[in-house]
Structure formats: C-alpha cells, structure tokens
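> Just passing along the structure, written as structure tokens.
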Amino acid sequence: MERPDLYVLARFLDALHSSGQPMKKTNLQMRVGLNYPRFIEYLGWLVSHGLVQQSKDEDGAEVYSLSQQGLDAYHRLVAWIRETMKGMRI
Amino acid sequence: MTSAGEEPGRPNGRTLDDTVKDAEEYYKYLSEKHVKDSRVDAAVAGLMVWFATFAVLGFGVITTIAAAEVYRYLFGAFLAAVGIGAAASVATYLIRRKRGFKFAELGGLIGKMKQGGASSEDGVRLVDAMHQASLVLKKRKMDTAFEYGVMAFVLVAIIGRSGAIGALAGVVVYLYFRFEALREYERDERGYEDSKRELLQSL
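If you're matching them up, the sequences are chains D and E in order.
Heads up: the first sequence at position 28 corresponds to 28 in the working numbering, and the numbers run straight through without jumps.
Every position in the second sequence, counted from 1, becomes a number in the working numbering once 90 is added.
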C-alpha cells in the first residue's frame with residue numbers, strides 16, 4: 001500500500017484506542033467496517049509500521065492493540081486536527 | 091474521542107467535542123459571511139455592469155446620434171443598462187449561492203458529530219470540510235478581480251475616451267488580480283495537502 005487513506009487509519013487508531021484492550025481481528029474488522037482483503041492490507045501496514053502490535057489472549061487467539069508508537073501516532077493525529085482547525089480561523 | 095495524555099480506553103475527560111463546538115462557530119461565521127458577501131457582490135456586480143453598460147452606450151449615443159434625439163436614445167441606453175445590470179446581479183448571486191453547498195456539507199457533518207462523540211476520523215473529515223468551506227471564501231477574490239477589471243475598464247474608457255484602451259486596461263487589471271487570487275488559493279490548497287502528507291508520513 002503506497003499511501004494509506006488518512007480516514008481509514010484514523011478509524012483503526014480510534015477503534016483500538018477507545019477499546020482500551022486488545023481486540024480480536026473480527027471485532028476490529030467490524031469496528032472499522034472494511035472488507036476483509038482491505039482490512040488485512042491496512043492491518044498489515046499498521047503492524048509493519050509498528051503502530052499496532054499483535055499478541056495472543058488466554059485462549060490462544062490473535063489479538064491486536066495499539067503499541068506505544070501507535071498511541072503516539074493517535075495523539076499526533078488529534079493534535080493535527082486541533083492545530084489545523086485553529087489555523088483555519090479567519 | 092480523547093486527547094493527549096491519557097491511556098487507551100481511559101479518557102481523561104478532554105475530548106474533541108470542544109473542537110466540534112469551535113467548528114460550529116466557524117460554520118456559522120462562514121455561512122453568515124457567505125450570505126452577506128453574496129449580497130454585497132451581487133449588488134456591486136450589478137451596479138458596475140449597469141454603469142459600464144450605460145457609460146459605453148451613452149457615450150455611443152452622444153457621439154453618433156443627432157442632438158434632437160439624444161435624450162430619447164440616452165433613456166433607452168439607461169433602460170438597457172438597468173436590464174443588463176440586473177441580469178448580472180442575479181447571475182452573480184446565483185453563482186455564489188451554488189458555491190454554498192460546501193457549507194451545507196460542513197453543517198451536516200457538524201450536526202452528525204454533535205449527536206454522538208466525535209471520533210478522530212470525524213475530526214479529519216471535519217477539518218477537510220472546513221478547509222473546503224474556507225476555500226469558497228477565497229474564491230471570492232477571483233470574482234473581485236472581475237469587478238476590479240470592470241472598474242478599470244470604465245475609468246480608463248472615460249478618462250482616455252477610448253473603449254479599446256479601456257477594455258485593454260480592464261483585461262490587464264482583471265488578469266493581474268485573478269492571478270494573485272489564484273496563487274493565494276493554490277498556496278493554501280498546497281499547504282493543506284502538504285500538512286496532511288507530513289502527518290501521514292509521521293504516523
């Protein structure tokens with residue numbers, strides 16, 4: 001994926017941040033509302049960029065959560081929204 | 091949506107909802123300004139086109155019609171100028187109103203965000219919508235270039251007593267102000283896209 005959609009990335013970061021705990025793939029896919037191939041593509045991008053970390057729950061199922069880098073990215077996104085809105089004031 | 095300084099899933103009470111409030115104020119400001127500017131521009135465009143038409147037709151009447159008939163023809167020129175000026179005014183207003191749909195999009199988004207908590211995706215959409223709406227106001231400067239052009243045409247045509255030189259001056263003034271407005275518009279657009287790209291690269 002050359003240039004991911006900012007809206008979709010924000011949706012992923014939001015979903016994982018608001019959940020506050022690791023999410024199963026299916027739950028995460030439902031939250032972000034993407035078709036499976038697209039979802040896997042974005043999830044792969046987030047994992048490869050270190051924003052999302054993969055782990056296993058007590059049942060051995062794959063779960064995903066925000067890494068520290070992901071949390072920082074989320075905060076940068078929020079800060080960008082605030083700053084850009086401030087800059088638009090006439 | 092929560093903001094910086096908290097742990098995931100444990101909002102610290104500071105939310106993006108306040109930015110929705112800011113956006114709503116900004117939306118109201120933009121909408122009111124847009125309506126006010128549309129009316130002013132329609133009136134100015136109508137007045138200028140009326141004046142330019144009357145000046146050109148009136149000058150033509152004075153130089154070509156026999157003295158006995160001048161007043162009758164001048165009245166005709168006046169009426170024709172009023173008609174053309176009114177048409178220009180209505181056209182300007184309609185074009186402006188058409189641009190207002192960007193504000194409707196922004197209003198819809200704010201309404202939706204007010205109903206539920208604002209997510210960061212909503213925040214990005216809101217920033218995009220606000221940016222689009224602010225560009226509408228910047229486009230106004232391009233219309234102002236036309237008004238400056240007409241003004242230059244009228245002044246130079248009257249002072250220089252030549253419609254051709256007036257037209258040339260009008261075109262030059264119009265192109266200059268349009269170029270400046272377009273440059274500013276493109277700079278803002280590029281700046282916004284660059285900031286989005288930088289954000290994406292920083293993630």
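Using N, Cα and C, we set each Cβ at its ideal position, and we do this for glycine too.
In this text the structure is predicted, and so the values were computed from the model without any measurement.
(1) Less than 9 Å separating the beta-carbons of Ser55 (chain D) and Ser48 (chain D)?
(2) Mind pulling the chain E residues with CB within less than 8 Å of Ala10 (chain D)?
(3) Checking contacts by CB at 9 Å: is Leu196 (chain E) closer than that to chain D?
(4) Tell me the residue span of the alpha helix (DSSP H) that contains Leu46 (chain D).
(5) Quick check on Ser48 (chain D) - is its C-beta less than 9 Å from some C-beta in chain E?
(6) Looking only at its chain, what residues have a beta carbon closer than 6 Å to the beta carbon of Lys231 (chain E), apart from the 5 residues adjacent to it on each side?
(7) Output the distance between the C-alpha atoms of Ala15 (chain D) and Arg273 (chain E), rounded to the nearest integer angstrom.
(8) With DSSP as the reference, please indicate the residues paired to Leu245 (chain E) in a beta bridge.
(9) In chain D, which residues lie with their C-beta within 8 Å of the C-beta of Ser292 (chain E)?
(10) Output the distance between the C-alpha atoms of Glu276 (chain E) and Thr143 (chain E), rounded to the nearest integer angstrom.
(11) Which residues in the same chain have their Cβ closer than 7 Å to the Cβ of Leu164 (chain E), if we skip the five residues on either side of it in sequence?
(12) Assess, as a yes-or-no matter, whether the region 113-120 of chain E is touched by the region 128-137 of chain E under the definition of 3 or more beta carbon pairs within less than 8 Å.
(13) Of the choices E:Ala235, E:Ile200, E:Gly260, E:Tyr238, whose alpha-carbon is the least far from that of Thr109 (chain E)?
(14) Quick one: which chain D residues come within Cβ less than 8 Å of Lys286 (chain E)?
(15) Do Ala10 (chain D) and Leu77 (chain D) have their C-beta atoms within less than 9 Å of each other?
(16) Please identify the residue among E:Ala135, E:Asp127, E:Met138, E:Thr153 whose C-alpha is closest to the C-alpha of Arg251 (chain E).
(17) I'd like to know whether the C-beta of Ile90 (chain D) is nearer than 9 Å to at least one C-beta of chain E.
(18) Compute the Euclidean distance between the alpha carbons of Glu122 (chain E) and Leu184 (chain E), then round it to the nearest angstrom.
(19) With burial defined as no fewer than 16 other Cβ atoms inside 10 Å of the residue's Cβ, what is the status of Gly198 (chain E): buried or exposed?
(20) State buried or exposed for Gly213 (chain E), treating a residue as buried only when at least 16 other CB atoms are found within 10 Å of its CB.
(21) Nearest-angstrom Cα distance between Val32 (chain D) and Lys25 (chain D)?
(22) Taking Glu114 (chain E) as the reference, which of E:Leu265, E:Lys204, E:Ser209, E:Gly260 has the closest Cα?
(23) Could you name the residues of chain E that Leu51 (chain D) contacts, counting a contact when the two beta carbons are closer than 7 Å?
(24) Please list, in chain order, the chain D residues whose beta carbon lies closer than 7 Å to that of Leu199 (chain E).
(25) Quick one: Cα of Met241 (chain E) to Cα of His75 (chain D), how far?
Straight from the coordinates:
(1) Here the question's residue 55 (chain D) lines up with position 55 in the first sequence. Here the question's residue 48 (chain D) lines up with position 48 in the first sequence. The Cβ-Cβ distance between Ser55 (chain D) and Ser48 (chain D) does not fall below 9 Å.
(2) As a position in the first sequence, residue 10 (chain D) is number 10, starting the count at 1. In chain order: Ser209, Ser210, Glu211, Gly213, Val214.
(3) Taking the second sequence and counting its residues from 1, one reaches residue 196 (chain E) at position 106. Taking Cβ atoms only, chain D never reaches closer than 9 Å to Leu196 (chain E), which makes this a no.
(4) Taking the first residue of the first sequence as position 1, residue 46 (chain D) is located at position 46. Where Leu46 (chain D) is concerned, the enclosing alpha helix (DSSP H) stretches over 36-48.
(5) To locate residue 48 (chain D), count along the first sequence from 1; it is residue 48. No, because no Cβ of chain E sits closer than 9 Å to the Cβ of Ser48 (chain D).
(6) To locate residue 231 (chain E), count along the second sequence from 1; it is residue 141. Excluding sequence neighbours, Lys231 (chain E) sits near Ala271.
(7) Counting from one through the first sequence, the residue named residue 15 (chain D) turns up at place 15. Counting from one through the second sequence, the residue named residue 273 (chain E) turns up at place 183. Cα to Cα, the separation comes out at about 40 Å.
(8) For the purposes of this step, residue 245 (chain E) is identified with residue 155 of the second sequence, where counting begins at 1. For Leu245 (chain E), which the question treats as bridged, DSSP gives no partner whatsoever.
(9) Your numbering for residue 292 (chain E) matches position 202 in the second sequence. The contacting residues are Ala73, Arg76.
(10) Within the second sequence, residue 276 (chain E) is the residue found at index 186, counting from 1. Within the second sequence, residue 143 (chain E) is the residue found at index 53, counting from 1. Whole-angstrom Cα-Cα distance: 33 Å.
(11) One-based indexing of the second sequence puts residue 164 (chain E) at position 74. Counting only Cβ-Cβ distances below 7 Å, and skipping sequence neighbours, we find Gly148, Val151.
(12) Cβ pair count under 8 Å is below three, so no.
(13) Taking the first residue of the second sequence as 1, we reach residue 109 (chain E) at position 19. Of E:Ala235, E:Ile200, E:Gly260, E:Tyr238, the residue nearest in Cα terms is E:Ile200.
(14) Looking up residue 286 (chain E) in the second sequence gives position 196. Simply Leu6.
(15) Locating residue 10 (chain D) in the first sequence gives position 10, counting from the first residue. Locating residue 77 (chain D) in the first sequence gives position 77, counting from the first residue. Taking 9 Å as the Cβ cut-off, Ala10 (chain D) and Leu77 (chain D) qualify as a contacting pair.
(16) To locate residue 251 (chain E), count along the second sequence from 1; it is residue 161. The residue with the shortest Cα to Cα distance from Arg251 (chain E) is E:Thr153.
(17) Along the first sequence, read from residue 1 onward, the residue named residue 90 (chain D) stands at position 90. Legend: pLDDT at Ile90 (chain D) = 49, less than 50; position of this residue unreliable, no value from coordinates given.
(18) Stepping through the second sequence from its first residue, residue 122 (chain E) is reached at position 32. Stepping through the second sequence from its first residue, residue 184 (chain E) is reached at position 94. Straight through space, the alpha carbons of Leu184 (chain E) and Glu122 (chain E) are spaced by roughly 16 Å.
(19) Taking the first residue of the second sequence as 1, we reach residue 198 (chain E) at position 108. Label assigned to Gly198 (chain E): exposed.
(20) As a working note, residue 213 (chain E) is residue 123 in the second sequence. Burial call: buried.
(21) On the first sequence, residue 32 (chain D) is found 32 positions in, with the first residue counted as 1. On the first sequence, residue 25 (chain D) is found 25 positions in, with the first residue counted as 1. The straight-line gap from Cα to Cα measures roughly 11 Å.
(22) Locating residue 114 (chain E) in the second sequence gives position 24, where the first residue counts as 1. The candidate whose alpha carbon is nearest that of Glu114 (chain E) is E:Lys204.
(23) On the first sequence, residue 51 (chain D) is found 51 positions in, with the first residue counted as 1. Leu293, listed in chain order.
(24) Here residue 199 (chain E) refers to the residue found at position 109 of the second sequence. Here the premise fails: no neighbours, minimum Cβ distance about 12 Å.
(25) Position 151 of the second sequence holds residue 241 (chain E). Position 75 of the first sequence holds residue 75 (chain D). Their Cα atoms are separated by approximately 51 Å.
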